[in-house]
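Colleague: Mapping the sequence shown onto my numbering, position 43 (from 1) lands on 476, and the numbers just tick up by one.
Yeah, the Cβ is synthetic: ideal placement off N, Cα and C, and Gly gets one too.
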Amino acid sequence: MAADAAEEIRGTARGTAPVPLSVLDLVTVGAGRTATEALRTGVDIARLAENRGFHRYWVAEHHSMPGVASSSPAVILAHLAAHTDRIRLGSGGVMLPNHAPLVIAEQFGTLEAMAPGRVDLGLGRAPGTDGATAAALRRTDRLNEGADDFPQQLAELIRFLDDDFPDGHPYGRIHAVPGPVQGTSPGGVQSTHRPPVWLLGSSGFSARLAGTLGLPFAFAHHFSAQNTVPALDLYRDSFRPSAVLDAPYALIGVSALATDDAREARRQVLAAALNMVRLRTGRPGLVPTPEEAEAYEFSPMEEEFTRSWNANVIHGTADEVRSGLDDLQKRTGADELMITANAHGGDVRLRSYELIADAYGLPAA
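Quick look at the structure:
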C-alpha cells in the first residue's frame, strides 16, 4: 500500500478552489421525509460530487438520532459504490470503540473489493451517540475504557488490514477476508492493497496520535471550531514521516450551505440549529422545517446557543459561501475542505453543492 497511499490521500484542487473540496454526508432526515428519501439524496449528492470533481464523499456513524440515517457507514458505502465510478468513498468516520477491529477490517476489505482503490477508512474515538446508546452498542457501561484503549485498538485493526501479526501472536492465524491473505495465498491473484486509514478528532488526542503515526488527520471544525487551529498545530508539530505520508495532510469538516438567495440560507440554517438545540438538550428528532424553526420560541439560553452555533456555519449565496470557505482555508491552512450541508430538504442540500461547484468553476463531467 505504501507506494500509492499518499496519492490516494492527497487530492487535487480543481477550478479556482484553493484546495481539494470533498463532501461529508450525515444522511439527514427532515420532518415529513423518510430515511429512504434521505439515502436516495445521498446517492444524488455522491453522483453530483463525482461529476463536478469533488475529491471524496464520506458518511459518519451516528446512533439513536431520528434525524440522522447514517448508523451503518459500511452498508451505505456499499450502496454508493454501486452508483458511482470514480469518487473516493469513506467513513468520516467509523467509531472504532463501538466495534471489534476484525469486523471493521472485514467490512472495509469487502468495500475495497467492491470499489478497488477508492475507499477510505476514517476512524473516530467518540461513540457517535449518547452514553446509554454507547453502552448498548459496546455491551458495557465502562465507556471510558474503550476510548482509553483506542491506540491499542487502532494498532490491532491496522494489523488485520495488513495481515501482518507477528509470529506467535494470538491472532497470527486469523485473517480479515477479503484482504491481503487472498493475494499471498497459493494461486492468489487479488491485490494486497487496503484502504488508507485516517484519524478523526475534535480535540488534541487524535491530532497528536495521527501526527505520531504519520497518518492523515481530519478535524471536526463543523462542531468544534474553537479547537481547530490548536489541533492542526498539534498535528503538524507531532508529525513523523511514515510509509503512508512524508508530510502532514489535514482536512477539516466545514458546515456550509449555499442557496440562491441569502434569506433562504438563513431560514435553513435556523432549522438546522434548532435540530442541534434539541439534540443537545436530550430531545433528538427529525430535522425541522424552516417554518417550524421560525415559529419556535427559543429560550434565552437556546438563542445564545443558536448564535454561537451558526457563527461557524458558512451560509448565504454561492459567492458568500466561496468567500467564507476561502477565508477559513487561509486561516487554518487546511489541505482539504470537506463540506457538510445541513438543511431540512435533500433538494436544498443537493443545490448547495451544485452552487458551490459553480462558484469555484469546478468542471462538469
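1) Residues in the same chain with beta-carbon distance under 6 Å from residue 435, minus the five sequence neighbours each way, listed in chain order, please.
2) How many Å lie between residue 641 and residue 555 at the Cα?
3) Is it buried or exposed for residue 656, if we count other Cβ within 10 angstroms and need 16 for buried?
4) Using C-beta distances below 6 Å, list every residue in its chain close to residue 692, excluding the 5 sequence neighbours before and after it, in chain order.
5) Just to confirm before moving on: does the CB-CB distance between residue 823 and residue 785 stay below 8 Å?
6) Between which residues of its own chain and residue 605 is the CB-CB distance below 8 Å, once the five residues before and five after are set aside?
7) With DSSP as the reference, identify every bridge partner of residue 458, one or two as the case may be.
8) Note down the Cα distance separating residue 773 from residue 767, rounded to an integer number of angstroms.
9) Please classify residue 434: does DSSP put it in a helix, a strand, or coil?
10) What is the DSSP secondary structure of residue 730, reduced to helix, strand or coil?
11) Where residue 628 and residue 615 are concerned, what is the direct C-alpha to C-alpha distance, given to the nearest angstrom?
12) Mind pulling the beta strand (DSSP E) runs of 3 or more residues that sit fully within the stretch 562-637?
13) Name the residue from 499, 469 and 750 whose alpha carbon lies nearest to the alpha carbon of residue 719.
14) At the level of alpha carbons, what is the spacing between residue 789 and residue 672?
15) Between the stretch 517-524 and the stretch 537-552, do three or more beta carbon pairs fall short of 8 Å?
16) Given residue 794, which residues of its chain have a CB within under 7 Å of its CB, disregarding the five upstream and five downstream residues?
17) Between the Cα of residue 778 and those of 441, 445, 467 and 559, spot the shortest distance and give me the residue it belongs to.
18) My output table needs one value for residue 722: the three-state DSSP class, helix, strand or coil.
19) Look at residue 526 and residue 493 and say whether their C-beta atoms are less than 8 Å apart.
20) By DSSP's criteria, residue 536 is part of a beta bridge. Which residues make up the other side?
21) Going by beta-carbon coordinates alone, are residue 611 and residue 542 separated by less than 8 Å?
22) Among 782, 619 and 797, which one has its Cα closest to the Cα of residue 475?
23) Can you tell me whether DSSP reads residue 789 as helix, strand or coil?
24) Going by other Cβ atoms of all chains shown within 10 Å of its Cβ, with 16 needed for buried, is residue 586 buried or exposed?
25) Rounding to the nearest angstrom, what Cα-Cα distance links residue 660 and residue 635 in this structure?
26) If we ignore side chains and look at the alpha-carbon of each, how far apart do residue 624 and residue 546 end up?
27) Mind listing, in chain order, the continuous beta strand (DSSP E) runs of no fewer than 3 residues lying wholly within the stretch 480-526?
Modeller: Put simply:
1) Since pLDDT at residue 435 reaches only 46, below the 50 mark, its modelled position is unreliable, and the value read off the structure follows with that caveat. Excluding sequence neighbours, residue 435 sits near 676.
2) If you draw a straight line from the Cα of residue 641 to the Cα of residue 555, it is about 16 Å long.
3) Flag for residue 656 reads exposed.
4) For residue 692, same chain residues with a beta-carbon under 6 Å away, outside a window of 5 residues either side, are 698 in chain order.
5) Since the first and last residues shown for the chain are 434 and 798, residue 823 lies out of range.
6) Once the five neighbours on either side are set aside, the close Cβ partners of residue 605 are 598 and 599.
7) According to DSSP, which records beta bridges pairwise, residue 458 is partnered with 492.
8) Cα to Cα, residue 773 sits roughly 16 Å from residue 767.
9) Note on residue 434: pLDDT 43, under 50, position unreliable in the model; no value is reported.
10) Three-state result, residue 730: coil.
11) Near 16 Å, if we compare the C-alpha coordinates of residue 615 and residue 628.
12) Qualifying beta strand (DSSP E) stretches, in chain order: 630-634.
13) Among 499, 469 and 750, the Cα nearest to that of residue 719 is on 499.
14) Each residue's Cα considered, the two are about 32 Å apart.
15) Judged by pairs of C-beta atoms under 8 Å, the stretch 517-524 touches the stretch 537-552, as three or more such pairs exist.
16) Excluding residues within five positions, the ones whose Cβ falls inside 7 Å are 448 and 449.
17) Closest option to residue 778, Cα to Cα, is 467.
18) Looking at residue 722 - three-state DSSP - the assignment turns out to be coil, as it is neither helix nor strand.
19) Contact flag set, yes.
20) Partner(s): none; residue 536 has no beta bridge.
21) Yes, the pair counts as a contact, with Cβ atoms nearer than the cut-off.
22) Among 782, 619 and 797, the Cα nearest to that of residue 475 is on 782.
23) Per DSSP, reduced to three states, the secondary structure at residue 789 is helical.
24) By the 16-neighbour rule on beta-carbons within 10 angstroms, residue 586 is buried.
25) The alpha-carbon of residue 660 is positioned some 7 Å away from that of residue 635.
26) When only Cα atoms are considered, residue 624 and residue 546 end up about 9 Å apart.
27) Correct list: 489-492.
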